[in-house]
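Please read the structure below before turning to the comments.
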Amino acid sequence: MEYDFRNIEPKWKEYWEKNQVYKVSNQSDKPKFYILDMFPYPSGAGLHVGHPLGYIASDIYARYKRLKGFNVLHPMGYDAFGLPAEQYAIETGQHPAITTEQNIKRYREQLDKIGFCFDWSREVKTSDPHYYKWTQWLFLQLFHSWYNRKENKTKTIADLVNIFQTEGNKNHPCPKDESLSFTKAEWETYPEKEKRDILMKYRIAYLDYAEVWWCEALGTVLANDEVVNGVSERGGFPVERKQMRQWFLRITEFANRLLNSLDSLEWTEAMKEMQRNWIGKSNGAEVKFKLEKGAEIEVFTTRPDTIFGVDFMVLAPEHELVDVITTDEQRKAIEEYKQYVKSRSERERMSEVKQITGCFTGAYAIHPFTGNKIPVWISEYVLAGYGTGAIMAVPSGDQRDHNFAKHFNIPITNIFDSLYNGNEAYADKTGKLQNSGFLSGMDVKNAIATAIKAIEEKNIGKRKVNYKLRDAGFSRQRYWGEPFPIIYVDGVPYGTDESPIKENKELYKLPVELPHVDSYKPGPEGQGPLANITDWVNTLWGKRETNTMPGYAGSSWYFLRYMDPHNDNEFASRKAIDYWGQVDIYIGGSEHAVGHLLYSRMWTKAMYDLGLIGFDEPFKKLINQGMIQGSTRFIYFVSALYSYENEAFKNFHFPQFYISKHFFDTYNLDNTKNYVLDKIEEIFSKYNLPSTLGVQISKTPTVVPIRVDVNVVNGNELDTEAFKKLRPEYANAEFIKEDDKYICGSETEKMSKSKYNVVNPDDIVEQYGADTFRMYEMFLGPVEMSKPWDTKGIEGVHRFLKKMWRSYADEQKGWIITDEPATEAELRILHKTLKKISEDIERFAFNTSVSQLMIAVNELSSLNCHKKAILQPLAIAITPFAPHLAEELWQKCLGNTTSIMDATFPAYEEKYVTENSKKYPVSVNGKPRVEIEFPLDMEQSLIEKEVLSNDTIKKWLDGKEPKKIIYVKGKMINVVV
RNA sequence: GCCCAGAUGGCGGAAUUGGUAGACGCGCUAGACUCAAAAUCUGGUUUUCGCAAGGAAGUGCAGGUUCGAUUCCUGUUCUGGGCACCA
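Letter by letter, the first sequence follows residues 1 to 977 of my numbering.
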C-alpha cells in the first residue's frame, strides 16, 4: 500500500464538497476569525506558481484556526474589472465579460486543484451587477457626503445644506477654495446650479479637472502603464498631458486620521512607513510674495526660517499665474518650455537631477522682509499638485534649488555663513542662521517659530500643515468598469437617487448596468467607449456620465461583501458586519502598500462615519507575501554556419550548435574557442552535407544567449531530448556539453510568458500532488520573502510525505497502526513538534514548521514507531499543510468517521517539552572551545568551578587568571581573560 | 531621483529576545540492499591548513559598540517592490 496521492486527493476533494465541509455560517458559538487574501485579478495567463503562495499560507492558517476551535471566514473572489480584459477586447473583439468569465473559470480550476478551504458559496466578482450595484450605491453615499473638519467626520450633504441655510459657510471653509465665503442670506439667493457647484467643492466624491495621458493618434487616454519611454506602448505614438474632467475622492480630508490610526494596526513597520511617507505630512508655512506688477504668489515651505535666503521663485509650469505674469519678451520661451513639459511624466520630472531645465518668466516678486527683487522662474521640478505649486527657492539651503541657481547663474545669498561652502547646499537643521535680518543668530527651531510669527503679523501668510497625499482620481475613460450612477441635468451632475431623476423608476434603479457595446473604440474627445452608445447616454433627464470607475472602486470594500454576499437589500447586513468585524489577518503583496490599502482604509473610515459599519480600520493585521520570481534559463547558441550563395540554405535543417554554460563563460579564452570550433567541425562532418549547399563554418562565430523554456530544464541541466521536441526548428540541435551535461545559465526575473520561465501549478500538482505542492511552497522560505521558483527541492518534500505515510502503512501489510502505549521518548518528539508547529503557525513561519514535521517523522521512524497514541495527534498537526493526506490517514487508517477538519488541534504538554539539563558551549574570549553539560538548576558558582577545572579550558587559559566569567542560564558560558 | 525591503555553504533556507552560524531539505559523494534499475536505508558534505588530533577564516562590502554581533549603530554596493490610470 503506497502513498497514492492521485487516488487520495480527488477522493477527499469530492468528499469535502459533498459534505459542505467548508461552508461557513454567520451564526456560531465559536469565536470568529476572518482571514482574507488579496483579491486576484483573473488574468488571461492563468495562475502561475507564484500566485498561490499567499493563498496556501492563509489556507494553512485558516485550517489551523478552525482546528483550534474558531469559526473561520476564508473567502475568495475576483477583482474582475480591469484594463487587460479591455485591451484584449480591443485586439480580438471578444467581449470582456466573456473573456473575464473564461479566465475566472480557469482560475477556479487551478485553485481547486491545490485544495483550498475557501467557502465558494461566498464568492464575489466585482464585475457582477449584483456586486457593483453596491459599489455604485457606496459611491452615491460618498457623493452625498462632505467632510466636517470641526468634528473630523464624514457627514451628509443634507447636513451641510442645513448649515449653509442657517449660517452660511463661515465655520466650514471650502476645501477646494478657501476664498469662497457666503452668508446664509447669500446662499438663499443662489440659483440651484450655483448651489450645486458650491456643494461639489465639498463632496467626498467630486468632479474636478486633472491631467491624463492623451494620445492623439489612438484618440484615447492612456494609463501610465501604457506609456513607455514617452510614447504609447501600442504603436509608439506621441503622447502628452491633457486636462480632463474627472471624478475624485477627497481622501486628503482623511489624511491625518489615516496617518494617526496606523499606530493601532499590526502591520509591518515598513508598510506603515510607506503609508506615512505617501501621506507625507509636513509642518511649515504658507507665505504670499507680492509681485512687482500686482498679483501674488503663494508658496508652501517647511523652512520659513530660510526666508532671507530666497534668491528666486519657481512656479510649476501648469501654475495658473504663469500666463498672467509672463512678460512679452519671455512669452515665446515660456510657451516652448511648457510644451516640453507636457511630454514629461511626473516620475521623469521628479527623478531628473542631472539635466536641469527651467525658464524665466520675466516677472519679479518683492521679498516681504528685504524688499529685494526676486526673479520668478518656472521649472518641471516643481509639481502643480504638491503644496501650492510654487516654491521659494533657497539655494544655500536646498540642493535642488542650489543646482538650479548654479545652472542658470542666479546669485546665491549665503544665510549659513561658513556652514555653506559654496559648492553644496547646507540642508542640515543644525547650526545658526546668519545674514537673515531678525532671524540672524537663531537656531533652526527658534527661527522657524519666529519667522512664522513675523509672517502672520505681517499678514502675508500663516502656519500650515501640508500633505503630499493628493485626492484620488476616480474616473477612467474606459468601458470595462462600473458605470457611474450619475446623470447630468442641464450639465449639472445629479445622483440617480436624487430628484428629479429618482422619480423615474428605471433611472432610479441600481445597478446602472454596463450596456453592451459592439466596439471598444474610445468616444469623441477622449471620452470612454460608453459615449458612443447614444441610446444609453441620453436619458429623460439628461446625459449619463460616460466615465467608469477605476479598479480600486470594487476592491475598496469587497471584504464586507463576503460577510453577506447574496444580500440584495443592502451591501451587507449590519448583523453580519457586526459579527465578522475587521479582517483579522489580511495577506497580500507589498505592491499594494499605498494604493489599495490606503483607499480601502479611507472607504472604511467614511463608511464608519456614516454609521454603515462599526469599525474604522478594515485590516487589523497585515502579512506581506513575497513574490515568487521566475528563474529564467539560458542556452547559448553559436552561429557557426553560413552559406555564401545557396537559397536552399534557408529551407535545409542544419545542425544548430549550443554550448554549455562553462564554454560560454570562458568563450574569450583561445582554448575554449578552439575546443568549441573543433567540436563543431567534428559534429558537422557527420552530417555529410552536399557541398552544393555551400555551407561553411565561421572561424569567429558569435554566441547568443537564448531563453529556454524552464520546463525542459532539470535544475540547471537541459533535458536535450525534451528540448528537441519543443519545436521543429530545434530538432537538429547539437550540444557541446561539459561532463556529459548541458548546463544552462540562469537569471532571476519576473515570472512571465515572454521570458519562458512560467511554471504552472497544475503541472506540479499533477506530478507530485497538491499536498506536496503546498508543503513545498511553504518550505521554500518565509512567506514574506521574495524568491525565485525552483522545482529542484520538491523531491525532498515529496519523499517526506511518503516517509510519513510509511509510519501508518506498509507496502505489503497495509495499515500498521498499533495500540501500544507510547514511550517517553516518543511523547517528547510529539509534544516538541506540537509546540513548535503551533508557535510557528501563529507567527507565519511555515517553512520551519515543515522542517519540524520532517524532524519528527525522521525521529519517529528511527524509533520504529507505529503507535496510534503518537500518530493520531501527528495527523491532525499536519492537516493544515497536507489536508488530503491527513484526511486519508484520519478516516481510513485511524478509523474516524467525521472529517479531520472537525478534529481539535492537540495541545502540547509542558512536561514533555522541558529539559532539565543543558549542554553549554563554553567559550574562552568569545571563541567556543568545548561543550559541558550542567543541570539547569545548578548554582553559578559550582558551574564556574567545574568550568575552570575542565582540561580544555585550562589549556586555553594557559595559566592566566580569568577576568570574568559570563554565564547565561540555558544559553552559554564565556570565560574572559 | 525619492520611499520600502533583502543579501548567510554549490542551491532554498535555519538561528524567534545580542549567546554554539549553517537546523531541515536539495545537490554532490561513499556505502548497504538488488542480476540490474527504481525505491529505500546508512555515513560524509562552509572554506582552508593538517595523516590525525586540532587550528584558522567565515553571514554583500568598510568601519564601530560589546565579554560576545547574521542580529545593534554609521557609511556603502548590489538586487527586488512602489512612486498616484497595471492590478
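Even glycine gets a Cβ: it sits at the ideal position worked out from N, Cα and C.
Span of the beta strand (DSSP E), counted from its first residue to its last, around residue i
{"i": "residue 313", "result": "312-315"}
{"i": "residue 972", "result": "972-976"}
{"i": "residue 71", "result": "71-73"}
{"i": "residue 391", "result": "390-393"}
{"i": "residue 921", "result": "917-924"}
{"i": "residue 656", "result": "656-659"}
Range covered by the alpha helix (DSSP H) that runs through residue i
{"i": "residue 935", "result": "Residue 935 -> not in any alpha helix (DSSP H); beta strand (DSSP E) instead, spanning 927-935."}
{"i": "residue 59", "result": "52-67"}
{"i": "residue 578", "result": "574-580"}
{"i": "residue 148", "result": "Not the alpha helix (DSSP H): residue 148 falls in the beta strand (DSSP E), residues 145-148."}
{"i": "residue 85", "result": "83-92"}
{"i": "residue 947", "result": "940-949"}
{"i": "residue 1043", "result": "Residue numbering for the chain in the displayed model covers 1 to 977; residue 1043 lies beyond these limits and cannot be assessed."}
{"i": "residue 797", "result": "794-808"}
{"i": "residue 161", "result": "157-167"}
{"i": "residue 179", "result": "Looking at the DSSP string, residue 179 is not in any alpha helix (DSSP H), and its letter there is neither H nor E."}
{"i": "residue 322", "result": "321-325"}
Residues sharing a beta bridge with residue i, DSSP
{"i": "residue 462", "result": "286"}
{"i": "residue 908", "result": "DSSP lists no partner for residue 908."}
{"i": "residue 986", "result": "As shown, the chain starts at 1 and ends at 977. That puts residue 986 outside it, with no answer to give."}
{"i": "residue 205", "result": "249"}
{"i": "residue 222", "result": "213"}
{"i": "residue 589", "result": "625"}
{"i": "residue 300", "result": "286"}
{"i": "residue 418", "result": "Residue 418 is not bridged to any residue."}
{"i": "residue 890", "result": "Answer is none; residue 890 lacks a bridge partner."}
{"i": "residue 432", "result": "443"}
{"i": "residue 154", "result": "147"}
{"i": "residue 696", "result": "642"}
{"i": "residue 96", "result": "Note: residue 96 sits in no beta bridge, so no partner."}
{"i": "residue 540", "result": "Answer is none; residue 540 lacks a bridge partner."}
{"i": "residue 244", "result": "210"}
Exposure of residue i, with buried meaning 16 or more beta-carbon neighbours within 10 Å
{"i": "residue 763", "result": "exposed"}
{"i": "residue 978", "result": "Residue 978 lies beyond the range of the chain shown here (1 to 977); nothing can be said about it."}
{"i": "residue 340", "result": "exposed"}
{"i": "residue 884", "result": "buried"}
{"i": "residue 862", "result": "exposed"}
{"i": "residue 708", "result": "buried"}
{"i": "residue 767", "result": "exposed"}
{"i": "residue 191", "result": "exposed"}
{"i": "residue 771", "result": "buried"}
{"i": "residue 334", "result": "buried"}
Beta-carbon spacing of residue i, residue j below 8 Å
{"i": "residue 977", "j": "residue 924", "result": "yes"}
{"i": "residue 809", "j": "residue 744", "result": "no"}
{"i": "residue 157", "j": "residue 203", "result": "yes"}
{"i": "residue 690", "j": "residue 220", "result": "no"}
{"i": "residue 742", "j": "residue 660", "result": "yes"}
{"i": "residue 311", "j": "residue 393", "result": "yes"}
{"i": "residue 217", "j": "residue 230", "result": "no"}
{"i": "residue 748", "j": "residue 590", "result": "no"}
{"i": "residue 987", "j": "residue 487", "result": "The shown model of the chain, from 1 to 977, leaves out residue 987, and the question about it has no answer."}
{"i": "residue 712", "j": "residue 636", "result": "no"}
{"i": "residue 667", "j": "residue 733", "result": "no"}
{"i": "residue 249", "j": "residue 495", "result": "no"}
{"i": "residue 765", "j": "residue 791", "result": "no"}
{"i": "residue 82", "j": "residue 603", "result": "no"}
{"i": "residue 56", "j": "residue 751", "result": "no"}
The ligand ADP heavy atom lying under 7 Å from the CB of residue i
{"i": "residue 745", "result": "As far as ligands go, the structure on display features none, and thus does not contain the ligand ADP."}
- [ ] Ignoring anything shorter than 4 residues or poking outside the stretch 705-770, list the alpha helix (DSSP H) runs there in chain order.
- [x] 720-726, 761-768
Task: Length-filtered (3 minimum) beta strand (DSSP E) runs lying within the stretch 457-518 - done: 461-467, 486-489, 492-495
Open item on the list: For a minimum of 4 consecutive residues, which ranges assigned as the alpha helix (DSSP H) are wholly contained in the stretch 336-385?
Closed with: 346-351
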